[in-house]
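Numbered according to mature numbering (1 follows the signal peptide of the UniProt record, and there is no 0), the sequence shown spans residues -25 to -1, 1 to 215. C-beta atoms are modelled at their ideal positions from N, C-alpha and C, and glycine is treated no differently.
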Amino acid sequence: MRRSHLLPVAVAAGLAGICMTTAPAGGQADARIRRLHPASFTTRIDNPWLPMSPGTTMTYDGVKDGVSQRDVVRVTRRTRTVAGVRCRVIDDRVYQGGHLSERTRDYYAQDRHGSVWYFGEDTAELDAHGRVTSTEGTWHAGVDGARPGLFMPARPRVGEHHRQEYLKGHAEDQFRVMSLNAVIAVPYGRFRGALRTREWSRLEPGVRDAKVYVRGIGEVFEGSVRGPRESAELVSVRRP
């Protein structure tokens, strides 16, 4: 789910705090607003459902727009400060037809309770000659009203619902925890007791996706439930 590109602007240094929301759309009664400080975050991400150990590389095979693709996700040792928060940089590269078609740098940090937050991304789509054709989808928390999203709770509960990102009209992905006892088989292995989520965005009302996470590994599967056919399955994990 890619959004419109927004040109970055300077974010004030020494930010004392930033408003973060785990609120569902529509202002429902269970909406919660938290004010958290940059000092509350760490780049050491050890949430059991979404661990990000530097040097780890995860490879996924799948289909998008009817074309086979390979997605290589690498947890780098680099960090970047976004909205005053030091974040871990994740390098994500998608290959279609033997060439690099998309490269993204995602920015994550973990709060002191163990929840993983998503602070934005820099993304570029490339043609067969390696030329950038679009940077649609780039956004950064703290820029033009964008806010970080809660990507993975420390202790997920069935039924809970969070925003993964928020920039009104551009980035409004959300998810709900559907199961903590899912069974999943992918090329990398067969697992029980997995976490299954449902994802959607108000900006794409006809699209629904499912994701499955396994303790100690992270995401092992993503697939469309409604909308254009897309899928990705974990095929390998290389650890440092």
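{"query": "Sub-7 angstroms separation of leucine 209 and tyrosine 163 beta-carbons", "result": "yes"}
{"query": "C-beta atoms of arginine 173 and arginine 201 nearer than 7 angstroms", "result": "no"}
{"query": "Serine 90 versus Thr51, Ala121, Ile20 and Ser28, residue with shortest Cα-Cα distance", "result": "Ile20"}
{"query": "Beta-carbon proximity list for arginine 53, same chain, < 7 angstroms, skipping 5 on both sides", "result": "Val64"}
{"query": "CA nearest to the CA of threonine 31, picked from Asp40, Gly41, Val47 and Gly144", "result": "Val47"}
{"query": "Start and end residues, beta strand (DSSP E) containing glycine 95", "result": "91 to 101"}
{"query": "Cα-Cα separation between alanine 58 and threonine 17, rounded to whole angstroms", "result": "14 angstroms"}
{"query": "Secondary structure of alanine 121, DSSP reduced to three states", "result": "coil"}
{"query": "Simplified DSSP assignment, three categories, for alanine 169", "result": "strand"}
{"query": "Through-space distance from serine 76 to glycine 105, alpha-carbon basis", "result": "8 angstroms"}
{"query": "Leucine 101 at chain C interface by Cβ criterion, 7 angstroms", "result": "Note that chain C does not occur in the displayed structure, where there is just one protein chain."}
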